[in-house]
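When the letters of the sequence shown are read in order and numbered with mature numbering (1 follows the signal peptide of the UniProt record, and there is no 0), they come out as residues -21 to -1, 1 to 232. Where a beta carbon is used, it is the ideal one built from N, C-alpha and C, also for glycine. Right, one structure below, let's go through it.
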Amino acid sequence: MLIHLAIVFSLLACTKSLSEGDSCTIRDGSPGVCKAINDCSYAEDDFRRHLKPISYAVGNHLGLPHLKLREECLEYQEKYVYPCRPGPTTGNIRVDECTHNIEQLVTGGVDANRGEFPHMALLGYGNDKLEWLCGGVIISERYVLTAGHCTYSSSHGPVKKIRVGILKRSDAVDSSKEYNVVPIKYPEYHSPLRYNDIALLQTDRDIELNKYVVPACLHDGGADIFKNSAIVPVWGTKAFKSQDFSDVLQRVF
């Protein structure tokens, strides 16, 4: 199984209300059995061809009101990505602090640019020597969203720290980029199953935001995201079933 060190949630060839083993209907209308994607070649083939899942839950919104999500998104973007600066004559002008253009984004596993994904956080495990094994997404000054299975490593124990504002695992960091965290797992997540595979990490202090450290804009449920392509930033393996982990944050289509 390819492990992408980012927020990648388990995909199921069934609706959100079904569990593994339940009866379901596949694309051609014939009866089937609900399975996790790793155990279902039919669903895995659809996934590789970028096809919409056979069925999926619709109308589900995040716990926060969607308007609040949009307000927070705009606030962070206006403050750190497109801030106002004094103009050359009078008034203020909007400045583009982005370090890349959307036209530069390409498919495939290629190195990301510094500051291209300012919401990414790297998760560390262990005591004397930290191992950086998973990724997460900054969603506010005190919280990082990650996968439930990333809260604990069988080899190194629970997640202890995060690093923000970095491009490479090997980047030298100071204390302002590193934070202690406490994991908050979703109550219905039960390892080793990957259902409800989601968690929050609460930091020991406010994350210091800047143009390289900006909370992500969360989906507010108002649009069908399956109609759009996605770009996934990951610190992970470079190929399927490979053990060659990238030092540089990757941009994967």
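Check whether the Cβ atoms of residue i and residue j lie closer than 9 Å to each other.
i: Ala195; j: Ile141; result: no
i: Cys52; j: Leu197; result: yes
i: Tyr191; j: Gly114; result: no
i: Arg230; j: Gly11; result: no
i: Lys147; j: Asp226; result: yes
Whose CA, out of the options, lies closest to the CA of residue i?
i: Ser208; options: Val152, Trp111, His98, Phe232; result: Phe232
i: Gly103; options: Glu54, Ser149, Pro97, Asn92; result: Ser149
i: Asn106; options: Pro166, Pro97, Pro137; result: Pro137
i: Glu187; options: Glu120, Asn175, Val160; result: Glu120
i: Asn189; options: Ile145, Gly215, Ile163, Ile5; result: Ile145
i: Asp1; options: Gly8, Asp7, Ser9, Lys14; result: Lys14
i: Glu(-2); options: Tyr174, Lys139, Leu228, Gly88; result: Tyr174
i: Arg184; options: Asp203, Val160, Lys147; result: Val160
i: Trp214; options: Leu112, His169, Asp18, Val152; result: Leu112
i: Leu109; options: Leu228, Lys139, Val89; result: Lys139
i: Leu228; options: Cys3, Arg6, Phe96, His169; result: Phe96
i: Ser132; options: Gly8, Cys19, Ile5, Pro171; result: Pro171
Report, in whole angstroms, the separation of the C-beta atoms of residue i and residue j, which I expect to be a contact under 8 Å.
i: Val116; j: His98; result: 5 Å
i: Gly212; j: Ala91; result: According to the sequence shown, residue 212 is Pro rather than Gly. Rounded, the Cβ-Cβ distance is 6 Å, consistent with contact.
i: Thr130; j: Pro162; result: 4 Å
i: Val143; j: Tyr55; result: Going by Cβ atoms, the distance from Val143 to Tyr55 rounds to 14 Å, so no, they are not a contact pair.
Notebook entry, point to check: Does the segment 150 to 159 come close enough to the segment 124 to 137 that 3 or more CB-CB pairs lie under 8 Å?
Noted result: no
Note to self: Quick check for students: name the residue ranges of the beta strand (DSSP E) that lie wholly in the segment 176 to 200, counting only runs of 3 or more.
What the structure shows: 178 to 182
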